[in-house]
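Scroll down for the structure; my scribbles are underneath it.
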Amino acid sequence: MTTATFSYATIAPALPEIVLLALASLLLVADLYLRGDERRATYRLTQAALAVAAAVTFMQMGGPSTVTLHGMYVSDLLGQVLKIATLLTVMATLGMSRTYLRLRGLLTGEFLALALFGTLGMMVMISAHHFLTLYLGLELMALSQYAMVALERDSGRATEAAMKYFVLGALASGLLLYGLSMIYGATGSLELTRVAFALEHGEAHGFLGVFGLVFVVAGIAFKLGAAPFHMWIPDVYQGAATPTTLYIGAAPKLAALGFILRLLANGLQGMTSDWQQMLVVLAVASLLVGNIIAIAQANLKRMLAYSTISHMGFLALGIIAGDDLGYGAALFYAIAYALMTLGSFGMILLLSRAGFEAENIDDFRGLNQRSKWYAFMMLIVMFSLAGIPPTVGFFAKLAVLQAVLDAGYTWLVVLAVLLSVVGAFYYLRIVRLMYMEAPAGEITIDTQPGPRWILSAAGVATLALGILPAPLMNLCARAIAASM
Amino acid sequence: MLQGHVLSLTIWVPIAFGIAVLAIGNDRAPAPARWTALAGSILGFLVCLPLWAGFQPTADMQFTELAPWIARFNVSYHLGVDGISMPLILLNSLMTLLVVIAHWEVVTEKVGQYLAAFLIMSGLINGTFAALDAILFYVFFEAMLIPMFLIIGVWGGPNRVYAAVKFFLYTLLGSLLMLAAFIYLFYQTNGSWEILDFHKVPLGLTAQVLIFLAMFMSFAVKVPMWPVHTWLPDAHVEAPTGGSVILAAITLKIGGYGFLRFNLPIAPDASHVLAGFMITLSLVAIVYIGLVALVQADMKKLIAYSSIAHMGFVTLGFFIFTSDGMLGGIVQMISHGFVSAALFLCVGVLYDRIHSRQIADYGGVANTMPVFAAFFVLFAMANSGLPGTSGFIGEFLVILGTMKVSFWYTFLAATTLITGAAYTLWMVKRVVYGEVAGPKIAALKDVGARELTFLAILAVAVLALGIDPKPLADVANPTIQQLLQHVEQKKTD
Numbered sequence: 001m002t003t004a005t006f007s008y009a010t011i012a013p014a015l016p017e018i019v020l021l022a023l024a025s026l027l028l029v030a031d032l033y034l035r036g037d038e039r040r041a042t043y044r045l046t047q048a049a050l051a052v053a054a055a056v057t058f059m060q061m062g063g064p065s066t067v068t069l070h071g072m073y074v075s076d077l078l079g080q081v082l083k084i085a086t087l088l089t090v091m092a093t094l095g096m097s098r099t100y101l102r103l104r105g106l107l108t109g110e111f112l113a114l115a116l117f118g119t120l121g122m123m124v125m126i127s128a129h130h131f132l133t134l135y136l137g138l139e140l141m142a143l144s145q146y147a148m149v150a151l152e153r154d155s156g157r158a159t160e161a162a163m164k165y166f167v168l169g170a171l172a173s174g175l176l177l178y179g180l181s182m183i184y185g186a187t188g189s190l191e192l193t194r195v196a197f198a199l200e201h202g203e204a205h206g207f208l209g210v211f212g213l214v215f216v217v218a219g220i221a222f223k224l225g226a227a228p229f230h231m232w233i234p235d236v237y238q239g240a241a242t243p244t245t246l247y248i249g250a251a252p253k254l255a256a257l258g259f260i261l262r263l264l265a266n267g268l269q270g271m272t273s274d275w276q277q278m279l280v281v282l283a284v285a286s287l288l289v290g291n292i293i294a295i296a297q298a299n300l301k302r303m304l305a306y307s308t309i310s311h312m313g314f315l316a317l318g319i320i321a322g323d324d325l326g327y328g329a330a331l332f333y334a335i336a337y338a339l340m341t342l343g344s345f346g347m348i349l350l351l352s353r354a355g356f357e358a359e360n361i362d363d364f365r366g367l368n369q370r371s372k373w374y375a376f377m378m379l380i381v382m383f384s385l386a387g388i389p390p391t392v393g394f395f396a397k398l399a400v401l402q403a404v405l406d407a408g409y410t411w412l413v414v415l416a417v418l419l420s421v422v423g424a425f426y427y428l429r430i431v432r433l434m435y436m437e438a439p440a441g442e443i444t445i446d447t448q449p450g451p452r453w454i455l456s457a458a459g460v461a462t463l464a465l466g467i468l469p470a471p472l473m474n475l476c477a478r479a480i481a482a483s484m
Numbered sequence: 485m486l487q488g489h490v491l492s493l494t495i496w497v498p499i500a501f502g503i504a505v506l507a508i509g510n511d512r513a514p515a516p517a518r519w520t521a522l523a524g525s526i527l528g529f530l531v532c533l534p535l536w537a538g539f540q541p542t543a544d545m546q547f548t549e550l551a552p553w554i555a556r557f558n559v560s561y562h563l564g565v566d567g568i569s570m571p572l573i574l575l576n577s578l579m580t581l582l583v584v585i586a587h588w589e590v591v592t593e594k595v596g597q598y599l600a601a602f603l604i605m606s607g608l609i610n611g612t613f614a615a616l617d618a619i620l621f622y623v624f625f626e627a628m629l630i631p632m633f634l635i636i637g638v639w640g641g642p643n644r645v646y647a648a649v650k651f652f653l654y655t656l657l658g659s660l661l662m663l664a665a666f667i668y669l670f671y672q673t674n675g676s677w678e679i680l681d682f683h684k685v686p687l688g689l690t691a692q693v694l695i696f697l698a699m700f701m702s703f704a705v706k707v708p709m710w711p712v713h714t715w716l717p718d719a720h721v722e723a724p725t726g727g728s729v730i731l732a733a734i735t736l737k738i739g740g741y742g743f744l745r746f747n748l749p750i751a752p753d754a755s756h757v758l759a760g761f762m763i764t765l766s767l768v769a770i771v772y773i774g775l776v777a778l779v780q781a782d783m784k785k786l787i788a789y790s791s792i793a794h795m796g797f798v799t800l801g802f803f804i805f806t807s808d809g810m811l812g813g814i815v816q817m818i819s820h821g822f823v824s825a826a827l828f829l830c831v832g833v834l835y836d837r838i839h840s841r842q843i844a845d846y847g848g849v850a851n852t853m854p855v856f857a858a859f860f861v862l863f864a865m866a867n868s869g870l871p872g873t874s875g876f877i878g879e880f881l882v883i884l885g886t887m888k889v890s891f892w893y894t895f896l897a898a899t900t901l902i903t904g905a906a907y908t909l910w911m912v913k914r915v916v917y918g919e920v921a922g923p924k925i926a927a928l929k930d931v932g933a934r935e936l937t938f939l940a941i942l943a944v945a946v947l948a949l950g951i952d953p954k955p956l957a958d959v960a961n962p963t964i965q966q967l968l969q970h971v972e973q974k975k976t977d
């Protein structure tokens, strides 16, 4: 191994992560000395840290792709797009959750610091160019999330969810690590480029590689929440405090996509036909399980959990296509999905108040009579999740279906289309309750301007990107082209 | 500056007014929303008039507009109309105006949202008829579902929620399959979403049949053809009057339009192969659904079933591949737009007074509402195909066209002249004539100026089209001839 000199140029590409780490550490220390009302500063510092990291990432855009730190880390347009999306999503998540957390005494330094470290983990995952970096990022994210779920100590449901999440998550990490070690054995390297090289040039042990791949894909499927590794999703989504659910549900999907693209599309490109077959099974199972079981749910968080599973199936479809078109579609899908998740869980947060969780589907009954605007926002988000134009969800689905058809999987397209109709049924139920029923109980809407504005922005963006999707689509395509 | 953008105006003027109405809508003071909506619908109709005035009698796409929309996927904002779509845009804009007039004293709940839904839908429907890019078409086609879903579900009758969900899911299933067909065609044309390119691309027979069936699912649900018609009676009965008018007069036509714009030209060989199938379904609709209409006790349900039977004539006309048949189908679409809208509005007039749609609750209405009765009888006559009304022209042309193909088809189709007259006139007899059925009927007030306005506009339209269909025929004929030529050419390699 060459001994590179340790200079600014080597670490400069990792500046966003470094900045975020420094600020998160600062926040940990500062929080110790803040009392009572001053705690507000902690929240502001958190948002500032995320904003600074996003700004630094933004300034890196347009630069050339660089692999640095002995091939451990890559900085490219794909990474930058995903990181900015992740950081903005986390900012919006925390912004929407502020009132909810404050009312429940959860707006503490611990929660915010964990959120920042989790975000750092996501960024590392996105920029990893090495099996170990990938794994470290993943674990940093996952451990922060386990702790965030468990942070609501008084809630039995949250504790149970944290336990399930941790045990199953640890198992998945084990699987992933085992699989990676097998691939290391087969190819002789942990660095993505060299793994890819070994696979391309037939220098790898084929059987051992595929053996490892099975475990890797299983581990990924667990983290993504694709069936049949989805068991934890409904329980964790329902059990965790809604801000935590939103945190887990939105940004990590972007990181997971980055992880998959780096690992499968970059590193294990030579085994495309092998992982394609595995992903087909996962995608079909996810679409079936997610769409069909969601119908029976009365709890909105649980319903959205199953909806997540089906959406992850769709995301996997994009990756199955196995070409730039498909990856670009998957990237667009992931960003659109994060936006829609902000909208849907954001509504739950907005309607919740002290001592009341608006998490049952019936709590949305008659929302249109209480507030036309927020009912309309929720309507847009629900139709977007169902994939009805003119919303971003439609173009996300269209791009994926197009790529899948191009790759020759006509039957998958037909199946996905048919299950979308099933999916439309339960999103429609929310719209139906909001518009066609009388309110059952009192409906209150968070009076703070912050959450209101962020939610409205998410709703409007869902519609606006459905009418003018071209800029974001082009950006996604460019990011993929620059990185594959 | 706006001269090159007539079609854009027909789409975006109603939508912009719809958004404005939504913004100023106030449940306690609905007047501003009402007047804004009226202004929007009048303006929306006026901007359509240049289409009629400036239309050249050729088969080319006219008033075209082309701008890139999603360059990466080659999706463009491409609009244009020919002799088939232009009259439908006019019809739609006129109907929207009538719906706005008709709602005035009747809808009192969430007025702003109600009117906004209709205006936005009007723009989306115009977009559906004008789109020349498949994705643009699809976006308009699907987006239309959202306001219609809300109209049925929010302002409808007792069973409205069931009807709205049924309507939505039926239509969604069909349209998603059509989307899959579009994506397939996109690759066959080497990356074009242009509908006119879809027309030209050679396709094998199997592919054509599959594409035909996928699109058939979408448009047959909209028309609706037997046996996928079951959403329509539910949706019609539960929808508010305005919803029924737009459903019957316009959205059903989108199904017919879809067959002409997509199924026939994209899959001409499959159309010939499956013509027997289509004709059979059409005849079942005409004969069987006509009999079903005969036994309805609910006026709206009766008109709904009558709509299905009349639309059977439209599809029959299209799939016998004669110019008479096709022209008849198109005239029938426009005529049915006027007549069914008029009948639903008539039922609405009665319903607003008595709050019942049951035929049994009425009788002798002519004694207390003579002016209304005159209109009702006129529209009923048009519905049963009386010469001199628009209903006659369409049915007659289709029967004429069918005669060139087969005697037995003609025989079955012609039974409608009996059943159609039977169910319509029997309903009119029971509702309008006879003894005054009770104190409620005796206390009825005749139609006011507002109701007179929309009934008179429709009466004029029905008679004008019935007496002189030539202007419409002149507009549609070049397109029909070109379409028939196209359908006769083999597309398989």
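As given, the protein sequences belong to chains A and B, one line each in that order. Using the working numbering, the first residue of the first sequence is number 1, and each one after it goes up by one. Using the working numbering, the first residue of the second sequence is number 485, and each one after it goes up by one. For every residue, glycine included, the Cβ atom is placed at its ideal position computed from N, Cα and C.
With burial defined as no fewer than 16 other Cβ atoms inside 10 Å of the residue's Cβ, what is the status of residue i: buried or exposed?
{"i": "residue 131 (chain A)", "result": "buried"}
{"i": "residue 617 (chain B)", "result": "buried"}
{"i": "residue 688 (chain B)", "result": "exposed"}
{"i": "residue 232 (chain A)", "result": "buried"}
{"i": "residue 277 (chain A)", "result": "exposed"}
{"i": "residue 435 (chain A)", "result": "buried"}
{"i": "residue 411 (chain A)", "result": "exposed"}
{"i": "residue 720 (chain B)", "result": "buried"}
{"i": "residue 643 (chain B)", "result": "exposed"}
{"i": "residue 539 (chain A)", "result": "Coverage of chain A is limited to positions 1 through 484, which leaves residue 539 (chain A) absent and any answer about it impossible."}
{"i": "residue 839 (chain B)", "result": "exposed"}
{"i": "residue 922 (chain B)", "result": "exposed"}
In chain order, what residues of the same chain lie with their CB nearer than 6 Å to the CB of residue i, ignoring the 5 residues before and after it?
{"i": "residue 553 (chain B)", "result": "559, 560 and 561"}
{"i": "residue 798 (chain B)", "result": "740, 813, 816 and 817"}
{"i": "residue 399 (chain A)", "result": "329 and 332"}
{"i": "residue 806 (chain B)", "result": "885 and 888"}
Could you spell out the range, first to last residue, of the beta strand (DSSP E) harbouring residue i?
{"i": "residue 671 (chain B)", "result": "No beta strand (DSSP E) contains residue 671 (chain B), which is instead part of the alpha helix (DSSP H) from 644-672."}
{"i": "residue 534 (chain B)", "result": "Per DSSP, residue 534 (chain B) belongs to no beta strand (DSSP E); it is in the alpha helix (DSSP H), 533-537."}
{"i": "residue 361 (chain A)", "result": "Counting along the chain, residue 361 (chain A) falls outside any beta strand (DSSP E), and DSSP gives it neither H nor E."}
{"i": "residue 549 (chain B)", "result": "546-554"}
{"i": "residue 562 (chain B)", "result": "559-565"}
Apart from the five residues just before and just after residue i, which ones in its own chain have a Cβ nearer than 7 Å to its Cβ?
{"i": "residue 919 (chain B)", "result": "847 and 848"}
{"i": "residue 627 (chain B)", "result": "608"}
Can you tell me where the alpha helix (DSSP H) holding residue i begins and where it ends?
{"i": "residue 427 (chain A)", "result": "410-436"}
{"i": "residue 728 (chain B)", "result": "725-730"}
{"i": "residue 739 (chain B)", "result": "736-742"}
Got a sec? Which residues, its chain only, sit under 8 Å from residue i by beta carbon, not counting five neighbours each side?
{"i": "residue 394 (chain A)", "result": "384, 387, 388 and 466"}
{"i": "residue 569 (chain B)", "result": "613, 614, 741 and 745"}
{"i": "residue 320 (chain A)", "result": "276, 279, 280, 283, 326, 404, 407, 409 and 412"}
Residues within the segment 634-662 of chain B neighbouring chain A, beta-carbon criterion of under 8 Å: The segment 634-662 of chain B vs chain A, Cβ under 8 Å: 634, 637, 638, 644, 645, 648, 649, 652, 653, 656, 657, 660 and 661.
Chain A contacts made by the segment 670-694 of chain B, where a contact means CB separation under 9 Å: Taken in chain order, the members of the segment 670-694 of chain B whose beta-carbon sits within less than 9 Å of a beta-carbon on chain A are 670 and 671.
Interface positions of the segment 617-635 of chain B facing chain A (Cβ-Cβ less than 9 Å), listed along the chain: So the list reads 619, 622, 623, 624, 625, 626, 627, 629, 630, 633 and 634, given in the order they occur along the chain.
Beta strand (DSSP E) runs wholly inside the segment 596-640 of chain B, at least 3 long, in chain order: Listed in chain order, nothing qualifies, since the segment 596-640 of chain B has no complete beta strand (DSSP E) run of 3 or more residues.
Ordered list of alpha helix (DSSP H) runs contained in the segment 826-870 of chain B, each at least 4 residues: Qualifying alpha helix (DSSP H) stretches, in chain order: 849-852 and 854-867.
Ranges of the alpha helix (DSSP H) found wholly within the segment 163-206 of chain A, counting only runs of at least 4: As summarised for the segment 163-206 of chain A, the continuous alpha helix (DSSP H) elements at least 4 residues long and confined to that stretch are 192-200, given in chain order.
Beta strand (DSSP E) segments (min. 3 residues) lying fully within the segment 46-79 of chain A: Listed in chain order, the complete beta strand (DSSP E) runs (minimum 3 residues) inside the segment 46-79 of chain A are 66-68 and 73-75.
Complete runs of the beta strand (DSSP E) confined to the segment 268-327 of chain A [at least 3 residues]: Within the segment 268-327 of chain A, no complete beta strand (DSSP E) run reaches 3 residues.
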